[in-house]
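J.: Numbering (the numbering used here), first residue to last: 734 to 1277.
Virtual Cβ for every residue (Gly too), placed ideally from N, Cα, C.
None of these values were measured; they are calculated from a predicted model.
Before we start, here is the structure in question, set down as structure tokens.
Following this line, the structure appears as structure tokens:
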């Protein structure tokens, strides 16, 4: 529409509207309503000016509410501004999670957290552990028992929980299953024979696979674990169980079972014939139980699955269930077993809930010995709250887009000409959180917050999270092995408190550190001057 046409349309609009108002005012004056007549004339004049001005300034076009990837990515980057989460922690208000899209603190009631399984997704280094540190430390401070399974030992999380424990008055117990650690725990302590049998089957991965050939031999192996459990003495540790099995040909002739059982016996942390960490007692009190494992050493992977199953056994049968228990399972695929998968559907009835952390839906398809559909149903479909950080897995992003639902948007098209004005409106459906949102969430750099999406309580919304400051990592309590001289307790890791501004998850560095420590050879014994002098005198006295 050119300028002359707009002038013509403006003049027409003014004349028509003001003319109608003028005639109405005259009629009111004839019927002796002077006040109404004046108001009608003034209102008509103002309305005529408005429509005349609208016609003069109209440029035409289409307006839509749909944003593009560039706009969304730029807006998301603004949410990564750093903050101190300790400033917002206030248990009277609820469990603090982070800041929303308007930089307002987000608090969830504790009962909402306790009544839901929680899933934390995102690629390495995006801040999954930062959310876990904030969430778990507050739950422990609120009087809950928190159990952390960390197959890829986190460099900051245990120190963060320990520092918050000192501040809020809850204990943090560390169990280190890695080769360099000594004896600490006997997971078979206090077990009935049927429970010992179940633990062995979980640790040795003897569940059914659906493959008839494999299941045929595993059936015999499962039967052998029953013989071991029935023959062993009450409270026997893994070494005693192996000793019992070695005298039974029905067990030793099962080559695969016998080999895997001896491999499990290599985990030194389980060499506790008496004493050691009392798992059942710790689960009955508030505090944190932090279990460090491995993702590469198969015997340690088996041990951490076994301990997880023992935790589930205790929770299933604990007489007092008034205290909530939270179990955080990091790197989920290194922890799941068929028994643990079944427990995920029933454990909430025991006033306990699980927090799962993994990278994408692909991890749920990569759990050895488990049906991928069953894993998805138990984890993906059974987690009432989801916290999602950046990921580049397109299939997972599409699933999340479908879960977040749709939003309605109106597209209006106005066309004006000398013949009149044409207005068309079209209602469109668009995703509330398009898939590109999840692939373009910012990854935190130095001093920045992690940006994610909360799904499960109202419409999906954005959440910024940040690391709490970390302190020294507590050392595990080592039980002297039989015949060994008592050793002084190991000091805490002499690590300085790390400010949240200076450190975030660095997955490659952290994994390298964990692997370096895990594969570190034991130090050679040092020789003293007295040893050297004794050797010299022995050489001199030797006949020539």
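At a cut of 8 Å, does the stretch 877-894 reach the stretch 1046-1061 through at least three beta carbon pairs?
T.: Flag = yes, the stretch 877-894 and the stretch 1046-1061 touch.
J.: Are at least three pairs of beta-carbons, each pair with one atom in the stretch 922-930 and one in the stretch 962-971, less than 8 Å apart?
T.: Segments in contact, yes.
J.: Kindly indicate which three-state DSSP category residue 1124 falls into: helix, strand or coil?
T.: In the structure shown, residue 1124 sits in coil (DSSP, three-state: anything other than H, G, I, E or B).
J.: For residue 758 versus residue 770, is the C-beta distance shorter than 9 Å?
T.: Against a cut-off of 9 Å, the Cβ pair of residue 770 and residue 758 comes out as a contact.
J.: Report the start-end ranges of each alpha helix (DSSP H) in the stretch 948-1013 that is 4 residues or longer and not cut off at the edges.
T.: Taking only runs of at least 4 residues, the alpha helix (DSSP H) segments lying wholly in the stretch 948-1013 are 971-979, 982-985 and 988-997.
J.: Can you check which of these residues, 1167, 984 and 746, is closest to residue 1129 by C-alpha distance?
T.: Closest by alpha carbon: 1167.
J.: Within its chain, find whatever has a CB closer than 8 Å to the CB of residue 1001; leave out the 5 residues flanking it on each side and keep chain order.
T.: Taken in chain order, the residues that qualify are 912, 914, 915 and 916.
J.: In whole angstroms, give me the CA-to-CA distance for residue 1208 and residue 1140.
T.: Answer to the nearest angstrom: the Cα atoms are 51 Å apart.
J.: Could you tell me the distance, in whole angstroms, from the CA atom of residue 1108 to the CA atom of residue 1184?
T.: When rounded, the distance between both Cα atoms is 27 Å.
J.: Rounded to the nearest angstrom, how far is the Cβ of residue 1199 from that of residue 818, given a contact under 8 Å?
T.: Right, their Cβ atoms sit about 5 Å apart.
J.: Between 941, 1119, 747 and 1132, which lies nearest to residue 849 when the distance is taken from Cα to Cα?
T.: If we check each option's Cα against that of residue 849, 1119 comes out closest.
J.: So residue 804 is in the alpha helix (DSSP H); what residue range does that whole segment cover?
T.: Run containing residue 804: 802-811, per the alpha helix (DSSP H) assignment.
J.: On the three-state DSSP scale, how would you describe residue 1025?
T.: Strand at residue 1025.
J.: For residue 870 versus residue 898, is the C-beta distance shorter than 9 Å?
T.: Yes, the pair counts as a contact, with Cβ atoms nearer than the cut-off.
J.: Helix, strand or coil, according to DSSP, for residue 1184 in the structure here?
T.: In this structure, residue 1184 counts as strand in the three-state DSSP scheme.
J.: Using the three-state DSSP reduction, which class does residue 1162 fall into: helix, strand or coil?
T.: In the structure shown, residue 1162 sits in a strand (DSSP, three-state: E or B).
J.: For residue 877, I'd like the list of residues in its chain whose CB is within less than 8 Å of its CB, leaving aside the five on either flank, ordered along the chain.
T.: Excluding sequence neighbours, residue 877 sits near 847, 1019, 1056, 1057, 1058 and 1059.
J.: Buried or exposed for residue 773, please, with buried defined as at least 16 other CB atoms from any protein chain shown within 10 angstroms of its CB.
T.: Result: buried.
J.: Exposed or buried, which one is residue 1034 when buried takes at least 16 other CB atoms within 10 Å?
T.: Result: buried.
J.: Is residue 1086 helix, strand or coil by DSSP?
T.: Looking at residue 1086 - three-state DSSP - the assignment turns out to be strand.
J.: Just confirm the distance between the C-beta atoms of residue 1048 and residue 918, as a whole number of angstroms; I'd bet it's less than 8 Å.
T.: Wrong, their Cβ atoms sit about 17 Å apart, outside the cutoff.
J.: Give the straight-line distance between the Cα atoms of residue 907 and residue 1023, rounded to the nearest whole angstrom.
T.: Using only the alpha carbons, I get a separation of about 5 Å.
J.: So who's on the other strand from residue 879, going by DSSP bridges?
T.: According to DSSP, residue 879 bridges with 1021 and 1059.
J.: Excluding sequence positions up to five away, which residues of its chain have a Cβ less than 6 Å from the Cβ of residue 958?
T.: Cβ neighbours of residue 958 beyond the five flanking positions: 930, 933 and 934.
J.: Along the chain, where does the beta strand (DSSP E) containing residue 829 start, and where does it finish?
T.: Unbroken beta strand (DSSP E) run through residue 829: 828-832.
J.: Is the beta carbon of residue 1051 less than 9 Å from the beta carbon of residue 1017?
T.: In this structure, residue 1017 lies closer than 9 Å to residue 1051 by Cβ.
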